[in-house]
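Enquirer:
Numbering (this note's numbering), first residue to last: 5 to 269.
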């Protein structure tokens, strides 16, 4: 497309075309992605990526029992400081395997797959920030109408945390980056060009994301699922994970701030 035509296009249309171009894999790689077996290998990789976390949890349990002489392991793992450290540790041990799983992918296609596209315009972040604010307000209204109490899981974290900043780091910074690279990056990128398509990918990644947050009750899981849909939709529309990370950070930060100020999320 020449410069004159580019100038004649509305700015939003230009951004959409650039986003679609960024999401389109090379022909050879696209043919590889459309194979049905790619769907199953992706799910297999997601299962394998759980192994580092499992090993870490077992190692921490052994250390807690043998060295720290912890008797009530369940309560100890629900301690806010332990939860924060374990969450950060999970990201550290798992992310290298995520990047290893894409090591045979051509560099340009790897960037598209993981959503590591060029920087995003500030006005796009503002737009998505306003959408996220609306999303949060809607759920505040739902919680108030249904008189839903703050999740016991979150109340317990607050009550057992000595290092508040460590908890904020884990929940508001590390978790959004780690989870978005894994779900809206790796998983979404591997599935969106397969037979299930973009919308099937949006649904599957959202369901799996909700499943791993099983510490919440049914109503809270509905909120988690709707958040996952928003995160996935932002990846679908922008072609990158920077916007999902931003939305995820904003949502978690608001939840943590309101938890500590008003004990609501």
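Even for Gly, the Cβ is constructed at its ideal location relative to N, Cα and C. As the structure is a prediction and not an experimental result, all values here were calculated from the model.
(1) In whole angstroms, what separates the C-alpha of residue 31 from that of residue 230?
(2) Using 8 Å as the threshold, is the region 155-173 in touch with the region 69-86, meaning 3 or more CB pairs across them?
(3) Tell me whether residue 147 sits in a helix, a strand or coil according to DSSP, three-state version.
(4) My output table needs one value for residue 73: the three-state DSSP class, helix, strand or coil.
(5) Leaving aside the five residues before and after residue 258 along the sequence, list all residues of the same chain whose C-beta is less than 6 Å from its C-beta, in chain order.
(6) Taking just the CA atoms, how far does residue 157 sit from residue 197?
(7) State the Cα-Cα distance for the pair residue 79 and residue 221, rounded to the nearest angstrom.
(8) Between the Cα of residue 120 and those of 62, 261, 246, spot the shortest distance and give me the residue it belongs to.
(9) Candidates 263, 205, 216: which alpha carbon is nearest residue 44's?
(10) Would you identify the three-state DSSP class for residue 67, choosing helix, strand or coil?
(11) Since residue 183 is in the alpha helix (DSSP H), which residue starts that stretch and which ends it?
(12) Does any heavy atom of the ligand NAP sit closer than 7 Å to the C-beta of residue 232?
(13) Give every residue of the same chain whose Cβ lies closer than 8 Å to the Cβ of residue 234, excluding the five residues on either side of it in the sequence, and list them in chain order.
Expert: Considering the structure as presented:
(1) The predicted position of residue 31 is uncertain, since its pLDDT is 46 and thus under 50; no value can be drawn from it.
(2) Output reads yes: the region 69-86 touches the region 155-173.
(3) For residue 147, the three-state secondary structure derived from DSSP is helix.
(4) Annotated three-state conformation of residue 73 is coil, per DSSP.
(5) So the qualifying residues of the chain are 140.
(6) Here the alpha carbons of residue 157 and residue 197 stand approximately 37 Å from one another.
(7) Each residue's alpha carbon lies about 19 Å from the other.
(8) Nearest in C-alpha terms to residue 120, of all of 62, 261, 246, is 246.
(9) Among 263, 205, 216, the Cα nearest to that of residue 44 belongs to 205.
(10) Here residue 67 sits in helix by DSSP.
(11) Here the alpha helix (DSSP H) through residue 183 covers 179-184.
(12) Absence of the ligand NAP is noted for the structure shown, with no ligands found whatsoever.
(13) Close CB contacts of residue 234 within its chain, under the 8 Å cut and outside five residues either way in sequence, are with 135, 136, 139, 251 (chain order).
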